[in-house]
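In the numbering used here, the protein residues as written are 886 to 997.
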């Protein structure tokens with residue numbers, strides 16, 4: 886395996902439910918730290934969504950590994966942010982046999 890080029894600073898965010906004042910909850914996002922990453926796009930497709938179709942593109946985002954249970958270790962359900970761009974993390978796997986890097990399988994949705 887070649888060493889990934891970790892050239893992009895992405896903010897890792899975790900979901901946080903807060904009371905909405907009407908007896909329910911609203912999902913907000915809590916920053917977990919900035920991780921340097923390599924971002925590689927896959928093949929995009931159009932999917933149906935509320936309010937019309939959106940373009941969905943899968944991404945492989947590689948970051949340095951962190952121990953299981955560490956707040957800096959990405960998990961499914963979290964997301965990465967880079968300014969206005971957001972990638973939702975679908976799955977996470979070790980990228981190399983030595984466990985030095987993690988590959989996050991993520992998806993970015995962009996309205997056409």
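Virtual Cβ for every residue (Gly too), placed ideally from N, Cα, C.
Just so we're clear, the structure is a prediction, and the values are computed from it rather than from any experiment.
(message) Quick check: the Cα distance between residue 954 and residue 995, rounded to an integer number of angstroms?
(response) Locating residue 954 in the chain shown gives position 69, counting from the first residue. Locating residue 995 in the chain shown gives position 110, counting from the first residue. Distance between the alpha carbons of residue 954 and residue 995 is about 31 Å.
(request) Can you have a look at residue 948 and say buried or exposed, based on whether 16 or more other CB atoms are within 10 angstroms of its CB? (result) By one-based count along the chain shown, residue 948 stands at place 63. Answer is buried; the Cβ neighbour count reaches 16.
(request) Consult DSSP for residue 900 and reduce its assignment to one of helix, strand or coil. (result) Indexing the chain shown from 1 puts residue 900 at position 15. Strand.
(request) Check the DSSP bridge columns for residue 989 and list the partner residues they point to. (result) As a position in the chain shown, residue 989 is number 104, starting the count at 1. Its beta-bridge partners are 946 and 977.
(message) Could you check whether residue 956 and residue 985 sit closer than 8 Å to each other, using their CB atoms as the reference points?
(response) Position 100 of the chain shown, counted from the start, is the residue given in the question as residue 985. Position 71 of the chain shown, counted from the start, is the residue given in the question as residue 956. It is not a contact, given that the beta carbons lie outside the stated cut-off.
(request) Under the assumption that residue 970 contacts residue 993 (Cβ atoms under 8 Å), give the Cβ distance between them as a whole number of angstroms. (result) What you label residue 970 is simply residue 85 of the chain shown in a count that begins at 1. What you label residue 993 is simply residue 108 of the chain shown in a count that begins at 1. Yes, they are in contact, since the Cβ atoms of residue 970 and residue 993 sit about 7 Å apart, within 8 Å.
(request) Have a look at the DSSP bridge pairing and note the partners of residue 920. (result) Within the chain shown, numbered from 1, the residue matching residue 920 stands at position 35. Residue 920 pairs with 895.
(message) I'd like the span of the beta strand (DSSP E) that includes residue 966, first residue to last.
(response) The residue labelled residue 966 in the question sits at position 81 within the chain shown. 964 to 967 is the extent of the beta strand (DSSP E) around residue 966.
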